[in-house]
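What follows is one structure encoded as structure tokens, with my remarks underneath.
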Amino acid sequence: MRLSPTQSARLSSQLVRRTQSQSLSSQNDDIFTDSLRKTLDAHRASNRARLIRKVYPRHDPPGLFRPYIPPENRAGYQPPSPPQSELPAEITEPASSDQTPTTAIPVTTATRRSRSRSRKQTPEFNSAAHPRPEDHAIHSVGAVDSGRVGQLPWLRYVPATRGVSGPGTHSDASAYLDAEIHALHRYLSPTPAEQGTITRLGGEISSLLESVVPSTPLLIGSRRTGLALAHSDLDFLLPFKDSSRSWDRARRPSPNRPQIRDAHLTLLRRVEQKLREIPAFQFDHRSPSQQRDQKEPDSVYLSRWPSLVLEARHRPTGLLLQFYCGEDIPALTEYIQDYLVEYPSLAPLYTSARILLEARGLFGSPRAKTDTDTRTRTEAGISPDALLMLLVAFSKLHHGRFPGPHRLGDQFLAFLKLYGRDIDFRTTGVAVDPPGFFNAKTISVTTPPPSSSLTRPKINHSSTKPTPSTHVEIPAALRGQRSLLAAKRTAAARGNFSASRRLCVQDPTHYMNDLSRSCTRTAQIQSAFADAYEQLQKGCDMWEYNRSGPGSASGPGSKNSNSTILGMALRARFDGLERIREGIVKDDGC
1 MRLSPTQSAR LSSQLVRRTQ SQSLSSQNDD IFTDSLRKTL DAHRASNRAR
51 LIRKVYPRHD PPGLFRPYIP PENRAGYQPP SPPQSELPAE ITEPASSDQT
101 PTTAIPVTTA TRRSRSRSRK QTPEFNSAAH PRPEDHAIHS VGAVDSGRVG
151 QLPWLRYVPA TRGVSGPGTH SDASAYLDAE IHALHRYLSP TPAEQGTITR
201 LGGEISSLLE SVVPSTPLLI GSRRTGLALA HSDLDFLLPF KDSSRSWDRA
251 RRPSPNRPQI RDAHLTLLRR VEQKLREIPA FQFDHRSPSQ QRDQKEPDSV
301 YLSRWPSLVL EARHRPTGLL LQFYCGEDIP ALTEYIQDYL VEYPSLAPLY
351 TSARILLEAR GLFGSPRAKT DTDTRTRTEA GISPDALLML LVAFSKLHHG
401 RFPGPHRLGD QFLAFLKLYG RDIDFRTTGV AVDPPGFFNA KTISVTTPPP
451 SSSLTRPKIN HSSTKPTPST HVEIPAALRG QRSLLAAKRT AAARGNFSAS
501 RRLCVQDPTH YMNDLSRSCT RTAQIQSAFA DAYEQLQKGC DMWEYNRSGP
551 GSASGPGSKN SNSTILGMAL RARFDGLERI REGIVKDDGC
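If you're matching positions, the sequence shown starts at 1 in full-length UniProt numbering and goes up one per residue.
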């Protein structure tokens, strides 16, 4: 249908008016006549959307310092593709008798990239061909159904019984379990020769890094607090002064701000380069791929997640050295030393609990290195500080309930029952100071009523000074517990259920800090505690039966070499530990 000139002119004028009205309405979308706040927010949002991205020049101007970033950690990095001779022109899947032949899939750039990325995610060191005893110092002998108890090297430190009463005798199963716990702690403690080697190694490390670090490294961790076992790591703190955080300032900046983190990273890289030059931190064997690519040995490794830490394996002794950066010795170290003086039973109980978890791979963070240097620690167990704080909280909650000597067995059973059966680690957190447990119900009970906490204070207009309000001051520990549980709720809301069910142990020196944040095997840890409690109960019953029943002359009460209660729960082998101890004693230094 053809339009007349009059109709076409009328239609064009209508289209022009409609277009103008739409453009005017689109221009007025950011204007709210009834709200100035909405108008300003809309204009801010539109202005942010029009911002020009800043592009840095390729060459830095003089006087500008930038930290060195390895090529593999830079944005847009693509791993080099393998030679064409190693890749076929096409990938074909063999056709079975039950399947139809598949068509050939051409190898594209994305295919090569994903294949090279999957190869790089696998560590190239062949641990099966060259097993390291330090990675298997203590390991399990298998499940309970296997019937194997494991090695019992600590029994030679159990005092023999010579009567039915008097010091050193085992009047019942609890007293014998107490003797075994003390014997295990004595067996795993460093000998004078081993301690001398550790002291000499610390002095050699300080002298080697004298030209690299601004201050002498400080020994921290279990080697400083006195909880170290024969195979414990050596933790060093590299003191780093932050002038902006001086105590004379009213407001102190964060110690983890990007500028300080970059400075810590630079210092750790200098230490890493220095350690790589020392033969004692280089492995003699390499995998074929490492020999072909001429890569550096993996005995020195810098991790940046969850915190900056430099790990170095000392080849002669097999010990792991860890280097951190900080202003001073952590405040938790002093707390631990005070707790050990107040509760002398902490050290032997900690040793038994650690070996119980370490034999099952649930203690510490296993090293799982990746080339991207992100999320390097997966399937991590409980940290030493978190395990010790569980024991401290237990000791405070049960203060005075185990009077008299030879009660370590009863304490260890109560500890395993409390954390293995009575509470649920997935929903309940553990507080140390003040001791107790917290969950969603406990933090909501102590919440002030809305009328007192959310209302504004009344203003006296005559004097323009606020009157005292009825606001209830929330304790700092409670605020920290709310923050820790809020993080778990946020993780659950985002679908990260593994993070929402992690073990939560409140740091007594920093209520907002979770000492067990890196622990991802909460269910396995609680299951290990529950199983150990059952095995110890059975062991105590068997010990009492063999002591009072027939054949008691050769039963556990007579110090038989094969009699044990603690071994039924530990079920561990100590072959790797013995090799490490031999290497420590034979060490000739760096």
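Just so it is clear, CB atoms sit at the ideal spot from N, CA and C, and this is done for glycine as well.
These numbers were taken from a predicted model, which means no experiment stands behind them.
| Check | Outcome |
| --- | --- |
| Rounded straight-line distance, which links the Cα of Leu267 to that of Val213 | 7 angstroms |
| DSSP state of Val432 mapped onto helix, strand, coil | strand |
| Where the alpha helix (DSSP H) containing Ser548 begins and where it ends | Thr522 to Ser548 |
| Ser222 (DSSP reduced to helix, strand or coil) | helix |
| Straight-line Cα distance separating Thr191 from Leu218 | 22 angstroms |
| Neighbourhood of Ile584 by C-beta, 6 angstroms cutoff - its chain only, sequence neighbours within 5 removed | Glu194, Thr197 and Thr317 |
| Given 8 angstroms, three or more beta-carbon pairs between the segment 496-513 and the segment 527-534 | no |
| Pairwise C-alpha distance: Ala440 and Arg426 | 12 angstroms |
| DSSP state of Tyr176 mapped onto helix, strand, coil | helix |
| Outcome for Gln294 when other beta-carbon atoms lying within 10 angstroms are tallied against a minimum of 16 | At Gln294 the pLDDT is 47, less than 50, meaning the model places this residue with poor confidence; the figure from the coordinates comes in the next sentence. By the 10 Å Cβ count, Gln294 comes out exposed. |
| Cβ pair His43, Asp30 closer than 7 angstroms | yes |
| Residues that DSSP places opposite Val309 in a beta bridge | Ser303 |
| Coil, strand or helix - Ser207 by DSSP | helix |
| Alpha carbon of Phe437 to alpha carbon of Ala477, nearest angstrom | 12 angstroms |
| Inter-residue CB distance, Thr520 and Arg502 (contact presumed, cutoff 8 angstroms) | 7 angstroms |
| Gly567 versus Pro348: straight-line alpha-carbon distance, rounded | 15 angstroms |
| Under 7 angstroms between C-beta atoms of Arg571 and Val158 | no |
| The segment 351-358 in contact with the segment 258-265 per 3-pair CB rule at 8 angstroms | no |
| Euclidean distance between Cα positions of Leu180 and Gly409 | First, the residue type needs correcting, since residue 180 is Glu and not Leu in the sequence shown. If you take the alpha carbons of Glu180 and Gly409, they lie about 9 angstroms apart. |
| Residue range of the unbroken alpha helix (DSSP H) whose run includes Leu390 | Pro384 to Leu397 |
| For Arg50 and Gln524, the rounded distance between their alpha carbons | 51 angstroms |
| DSSP-derived helix/strand/coil call for Phe402 | coil |
| Between the CA atoms of Leu397 and Pro435 - distance to the nearest angstrom | 6 angstroms |
| For Gln151, the first and last residue of its enclosing alpha helix (DSSP H) | Gln151 -> no alpha helix (DSSP H), and no H or E assigned at all. |
| Residues near Asp242 by beta carbon distance below 7 angstroms, same chain, minus five either side | Pro255, Ile260 and Glu327 |
| Cβ contact check for the segment 268-281 and the segment 299-308: 3 or more pairs under 8 angstroms | yes |
| Continuous beta strand (DSSP E) stretch holding Asp514: start and end | His510 to Asp514 |
| Neighbour-count burial assignment, Arg360, 16 or more Cβ in a 10 Å radius | buried |
| Closest by C-alpha distance to Val505, when choosing among Ser483, Asn546, Trp543 and Val432 | Val432 |
| Neighbourhood of Ser244 by C-beta distance below 6 angstroms, restricted to the same chain and skipping five residues each side | Pro253 |
| CA-to-CA distance, Asp178 to Asp541, given in whole angstroms | 15 angstroms |
| Whether Phe412 touches Ile138 by CB criterion (7 angstroms) | no |
| DSSP-derived helix/strand/coil call for Ser500 | helix |
| Rounded separation between Gly428 and Thr442 - CA only | A small fix is needed here, since residue 428 is Thr in this sequence, not Gly. Going from the Cα of Thr428 to the Cα of Thr442 covers about 10 angstroms. |
| Arg37 burial status per 10 Å Cβ neighbour count (16 or more: buried) | exposed |
| Ordered list of alpha helix (DSSP H) runs contained in the segment 240-285, each at least 4 residues | 258-276 |
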